[in-house]
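In the working numbering, the protein residues as written are 1384 to 1531. Worksheet for the structure shown next.
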Amino acid sequence: MTVTTTAIEIAADPATIYRFASATERWPEFLPHYRSVRVLEDRGASRVVEMAARRDWIPIRWTARQTNDPIRPHIAFRHVRGWTRGMEVEWRFEPTSGGTRVTIEHRLRFRFPLAAGWLGERVVSGFFIDYVAGKTLARMKQLAEGTQ
1384 MTVTTTAIEI AADPATIYRF ASATERWPEF LPHYRSVRVL EDRGASRVVE MAARRDWIPI
1444 RWTARQTNDP IRPHIAFRHV RGWTRGMEVE WRFEPTSGGT RVTIEHRLRF RFPLAAGWLG
1504 ERVVSGFFID YVAGKTLARM KQLAEGTQ
């Protein structure tokens, strides 16, 4: 299994950051590297979203079930279509003395056993996931801290 953890400290309370992070349908407005997010199914705290972003000039797309928990706060995604089908993504919001530590953890068990380690670590995790998650958290920091 490939696990990619990306984290950042944000000088804002968890609820403020959660409001931006859980509103995935608005990510293309907030996040320049996101091309589109379409809500395919909405059942309140659980919904299916089709997401499209860019890794530099390379377009990427996936579909995931998103589960929002504003009380905790916590966001979980399970990819249901695309190359990363089965990947689990967790957004955690931990209060700190200076604000909140936001962590995004991606867990992927690659379906191609022969090259799983190399593909998972170098291509999917290192090249795509870490890049997009890092840009996402950096922009969330700007938004939540009001330094747009």
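In this text, a Cβ means the ideal position worked out from N, Cα and C, and glycines have one as well. These figures come from a predicted structure and were not determined experimentally.
Can you check the segment 1425-1453 for any beta strand (DSSP E) of at least 3 residues that lies completely inside it and give the ranges in chain order?
1429-1438 and 1441-1452
Quick one: what's Trp1474 bridged to in DSSP?
Ile1458 and Ile1487
If you follow the alpha helix (DSSP H) that Ile1400 is in, where does it begin and where does it stop?
Pro1397 to Ser1405
At the level of alpha carbons, what is the spacing between Gln1449 and Val1472?
9 Å
Beta-carbon proximity check, Glu1488 vs Val1386, cutoff 8 Å:
yes
Buried versus exposed, by CB contacts within 10 Å (16 or more), Ile1441
exposed
Can you tell which of Lys1524, Phe1511 and Thr1486 has its C-alpha closest to the C-alpha of Ala1390?
Thr1486
Is it the case that the Cβ atoms of Ile1400 and Thr1483 are separated by a distance below 8 Å?
yes
So, at 6 Å on beta carbons, what are the nonlocal neighbours of Ser1405 in its own chain, with the 5 sequence-adjacent residues on each side left out?
Asn1451 and Ile1458
Among Arg1426, Gly1529, Gly1465 and Met1384, whose alpha-carbon lies nearest the alpha-carbon of Met1434?
Gly1465
Using a Cβ-Cβ cut-off of 6 Å (strictly less than) and excluding sequence neighbours within five positions of Ser1429, which residues of its own chain qualify?
Thr1450
State the DSSP-derived secondary structure class of Leu1414, mapped to helix, strand or coil.
coil
If we ignore side chains and look at the alpha-carbon of each, how far apart do Ala1470 and Arg1461 end up?
Reading off the sequence, residue 1470 comes out as Met, not Ala. Rounded to the nearest angstrom, the two C-alpha atoms are 6 Å apart.
Taking a contact to mean a Cβ-Cβ separation below 8 Å, would you say Ala1395 touches Glu1528 in this structure?
yes
If you compare alpha carbons, which of Val1432, Val1515, Ser1480 and Thr1479 is closest to Arg1421?
Val1432
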